[in-house]
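These notes are about the structure you will find just below.
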Amino acid sequence: MPDVGEGGPPDARARLAAAQRELLAALVAGGPGPVGFDERRLAIQAASLIAKRRGLVALSAPDLVGSLGGEFPALFASYAEGRPKPPGGSRADARAFADWLAPGPAEPPAPRRRGFWSRVRETRRARRAST
Amino acid sequence: MTAEELGIGIGWRAEIDLTVERLPGVEFVEVIAESLRPARLPESLRVLRSKGIPVIPHGVGLGLGGAEPPAPEGLAHLAACARALDAPLVSEHLAFVRAGGMEAGHLLPVPRTRDALSVIVQNVRQAQAALPVPLALENVAALFGWPGDELTEAQFLGELVERTGVGLLIDVANLYTNQVNLGLDAREALDGLPLDALAYVHVAGGHLHEGVWHDTHTASVPPDVLDLLAELCARTRPPGVLLEWDDAYPSDAALAAELDRVRRVVSGG
């Protein structure tokens with residue numbers, strides 16, 4: 053990238069990156085509020101971002117959310133405060149929320165699949181029993 | 022119908038696909054680009070295209086107001102959407118959506134400094150170079166402002182138009198939001214914007230909560246927002262006006278009535 057000198061885009065990119073990172077960390081990762089911002093407004097924005105995440109998680113995992121009933125909003129707020137949305141969108145957010153609710157294996161172990169011949173034997177036993 | 026080019030439209034959403042097809046007087050629609058697979062367009066969009074209804078891909082994830090250049094794969098997706106829909110233009114936002122590896126999940130306002138402008142001009146030029154059709158940028162709704170802004174939103178958008186030739190998607194509900202929340206005069210903004218670059222207009226409803234306007238797209242367009250639309254129409258003839266409704270969908274009749282309210286304002290009635 054050509055360097056266009058003091059104030060040129062490469063420096064400007066670095067400055068913009070730092071400013072946006074600091075602000076976003078305050079909004080979604082529990083970072084300190086950047087200097088000069090209205091803290092009350094940042095709190096409203098942070099809560100609004102969590103509400104938006106909560107709505108999308110409710111669409112992604114209706115069973116989980118249904119099982120939590122009226123507890124869901126408060127539980128989701130406790131989960132999401134200071135915890136940025138994980139990569140992978142709202143489905144990943146829903147999985148991470150489920151893990152946070154019940155730490156443990158992310159997926160239940162898959163049931164052992166029965167062998168083909170065990171099913172053949174069972175079918176034969178059932179047929180013999182019925183005749 | 023007094024609007025030229027596009028006319029009166031509504032945001033197409035999968036939840037209301039049949040409604041949008043059936044609503045009388047829908048002259049164009051917009052579809053969230055990130056929800057589309059260009060190789061497998063929803064049947065409903067193909068029906069609308071076969072009727073000659075323009076479909077505009079509307080991106081929400083490029084983050085053209087961010088410090089990083091727009092991602093090539095994001096641009097390629099938007100370009101593919103434009104080609105698949107034979108769209109006359111595409112639209113995105115003057116906003117940042119990620120930083121430092123974190124996703125905001127939302128359109129956040131940019132600092133309006135000359136320094137940030139130099140970066141965003143480059144981002145917009147890169148996007149334009151990757152797109153097969155013209156790009157329009159939308160002003161966003163904000164709940165907070167950056168300290169140290171050097172330019173108004175109208176000046177910032179004006180500079181972007183001047184230096185990149187980008188079009189403007191003016192969301193009058195977002196201007197209203199910023200007026201309520203940040204005390205930024207929406208009529209002054211309309212006075213300052215280069216309306217010859219206007220691509221089309223958004224209107225939407227929202228909710229006032231503890232003195233703060235939340236632009237939720239889940240309610241009837243308030244009279245104040247329609248008044249702003251009328252103010253805009255007094256300054257220029259908008260090429261298109263589109264109603265955004267994103268959740269808590271009302272009846273077909275209620276949506277049709279909403280479009281009628283918009284149409285009456287645009288036609289000066």
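Just so you know, the protein sequences line up as chains A and B, in that order. Residue 53 is where the first sequence starts when you use the working numbering, and the numbers rise one by one after that. Residue 22 is where the second sequence starts when you use the working numbering, and the numbers rise one by one after that. We put the beta carbon where it would ideally sit given N, CA and C, even for glycine.
Proximal chain B residues relative to residue i, where beta-carbon distance stays under 9 Å
i                : result
Val80 of chain A : Met123, Glu124, Ala125 and Gly126
Leu10 of chain A : The requested residue 10 of chain A is not part of the displayed model; chain A covers only 53 to 183.
Rounded C-alpha distance that separates residue i from residue j
i                 : j                 : result
Pro109 of chain B : Arg92 of chain A  : 42 Å
His98 of chain B  : Arg166 of chain A : 44 Å
Ile191 of chain B : Trp167 of chain B : 21 Å
Glu159 of chain B : Leu115 of chain B : 6 Å
Ala274 of chain B : Gly46 of chain B  : 13 Å
Pro132 of chain B : Gly169 of chain B : 8 Å
Gly73 of chain B  : Ala148 of chain B : 27 Å
Val145 of chain B : His238 of chain B : 27 Å
Pro138 of chain A : Glu74 of chain A  : 18 Å
Arg58 of chain B  : Ala194 of chain B : 29 Å
Leu108 of chain A : Ser142 of chain A : 6 Å
Ala163 of chain B : Leu44 of chain B  : 31 Å
Asp145 of chain A : Gln97 of chain A  : 19 Å
Leu101 of chain A : Arg171 of chain A : 52 Å
Arg119 of chain B : Val242 of chain B : 30 Å
Ala154 of chain A : Arg147 of chain A : 11 Å
Arg105 of chain A : Ser112 of chain B : 24 Å
Gly87 of chain B  : Ala218 of chain B : 23 Å
Ala92 of chain B  : Phe177 of chain B : 23 Å
His230 of chain B : Asp206 of chain B : 20 Å
Gly289 of chain B : Gly204 of chain B : 28 Å
Partners in chain A for residue i, counting only beta-carbon separations shorter than 9 Å
i                 : result
Asp136 of chain B : Gly59, Asp63, Ala64, Arg67 and Leu68
Minimum Cβ-Cβ distance from residue i to chain B less than 8 Å
i                 : result
Leu101 of chain A : yes
Asp90 of chain A  : yes
Arg147 of chain A : no
Interface flag, residue i vs chain A, CB-CB below 8 Å
i                 : result
Gln200 of chain B : no
Pro132 of chain B : yes
Ser139 of chain B : yes
His235 of chain B : yes
Gly261 of chain B : no
Pro168 of chain B : yes
Nearest-angstrom Cβ-Cβ length linking residue i and residue j, presumed shorter than 8 Å
i                 : j                 : result
Glu51 of chain B  : Gly32 of chain B  : 5 Å
Val76 of chain B  : Leu106 of chain B : 4 Å
Tyr184 of chain B : Val142 of chain B : Sequence inspection shows Arg at residue 184 of chain B; the Tyr mentioned does not correspond to that position. That belief holds up - the Cβ atoms of Arg184 of chain B and Val142 of chain B are roughly 5 Å apart, short of 8 Å.
Pro136 of chain A : Glu124 of chain B : 7 Å
Pro259 of chain B : Val287 of chain B : 7 Å
Leu280 of chain B : Ile29 of chain B  : 6 Å
Contact set between residue i and chain B, taken where Cβ atoms lie within less than 7 Å
i                 : result
Arg105 of chain A : Gly126
Contacts of residue i in chain A (Cβ-Cβ under 7 Å)
i                 : result
Gly87 of chain B  : Gln72
Phe165 of chain B : Phe89, Asp90, Arg93, Leu94 and Gln97
Pro63 of chain B  : The contacting residues do not exist; Pro63 of chain B stays about 18 Å from chain A at best.
Chain A residues whose Cβ lies nearer than 8 Å to that of residue i
i                 : result
Gln143 of chain B : Pro61
Pro45 of chain B  : Within 8 Å Cβ-Cβ: nothing; Pro45 of chain B doesn't reach chain A, min ~30 Å.
Candidates the options, of which the one nearest residue i by Cα
i                 : options                                   : result
Cys102 of chain B : B:Glu113, B:Ser71 and B:Ala60             : B:Ala60
Glu36 of chain B  : B:Trp266, B:Asn144, B:Glu279 and B:Ala137 : B:Trp266
Leu111 of chain A : B:Asp268, B:Glu279, B:Leu280 and B:Asp273 : B:Asp268
Ser65 of chain B  : B:Asp217, B:Asp38 and B:Ala137            : B:Asp38
Val161 of chain B : B:Ala210, B:Val41, B:Tyr270 and B:Val140  : B:Ala210
Asn202 of chain B : B:Phe165, B:Pro215, B:Val224 and B:Asp281 : B:Phe165
Pro62 of chain A  : B:Ala137, B:Leu205, B:His235 and B:Ile29  : B:Ala137
Cys254 of chain B : B:Glu94, B:Gly30, B:Thr40 and B:Val283    : B:Val283
Pro63 of chain B  : B:Phe117, B:Arg34, B:Gly227 and B:Arg256  : B:Arg34
Glu133 of chain A : A:Ala150, A:Ala95, A:Val117 and A:Phe168  : A:Ala95
Gly83 of chain A  : B:Asp236, B:Glu171, B:Gly121 and B:Leu189 : B:Gly121
Leu85 of chain B  : B:Leu69, B:Val68 and B:Leu156             : B:Leu156
Pro271 of chain B : B:Gly226, B:Phe49, B:Asp248 and B:Leu214  : B:Gly226
Chain B contact residues for residue i, given Cβ-Cβ distances below 8 Å
i                 : result
Pro136 of chain A : Met123 and Glu124
Residue i CB to nearest heavy atom of the ligand HEM below 7 Å
i                 : result
Glu174 of chain B : Because no ligand of any kind appears in the structure shown, any question about the ligand HEM cannot be addressed here.
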